[in-house]
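> Got a structure for you, written out below as structure tokens; questions coming shortly.
The structure is reproduced here in structure tokens:
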């Protein structure tokens, strides 16, 4: 009888520790407003396009990553933006354990600009906010 009770208590204690251990990363992801998605979260770029500058911005809604991308030869910044993000904005879930979506949008492109670049921004959005 004593052994059974001890085993049950041990299993319950282990289950509680596991539940707390699994929930802490989820809670920290949901509350960290300074977190920014990695640059690799940007949708696939066409061949020849390259990231030339990276920055960040923060405001009352959290922080976001800004990437300046040079278009490949023969493509304008506007065409690059349209190819990478046809709808101008996309939000995608990162995974089952991460309760945030990565939202990416076109910040700007300069029509006729000789640098042929577009700027994209990415920010985490909690699914609870949407």
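In the numbering used here, the protein residues as written are 125 to 254. By construction, the Cβ of each residue, glycine as well, lies at the ideal position given by its N, Cα and C atoms.
Can you look up residue 166 in the DSSP assignment and give me helix, strand or coil?
Reduced to three states, the DSSP call for residue 166 is coil.
> What residues in its chain sit with their C-beta under 6 Å from that of residue 207, if we drop five residues either side in the sequence?
For residue 207, where only same-chain residues beyond five positions count, the Cβ hits under 6 Å are 170.
> Can you list, in chain order, the residues of its chain with a C-beta nearer than 6 Å to that of residue 214? Leave out the 5 residues immediately preceding and following it.
Result list for residue 214: 228, in chain order.
> Could you compute how far the alpha carbon of residue 166 sits from the alpha carbon of residue 246?
Straight-line Cα distance between these residues: approximately 7 Å.
> Exposed or buried, what is residue 163 when buried is set at 16 or more other beta-carbons lying within 10 Å of its beta-carbon?
Counting Cβ neighbours within 10 Å, residue 163 comes out exposed, since fewer than 16 surround it.
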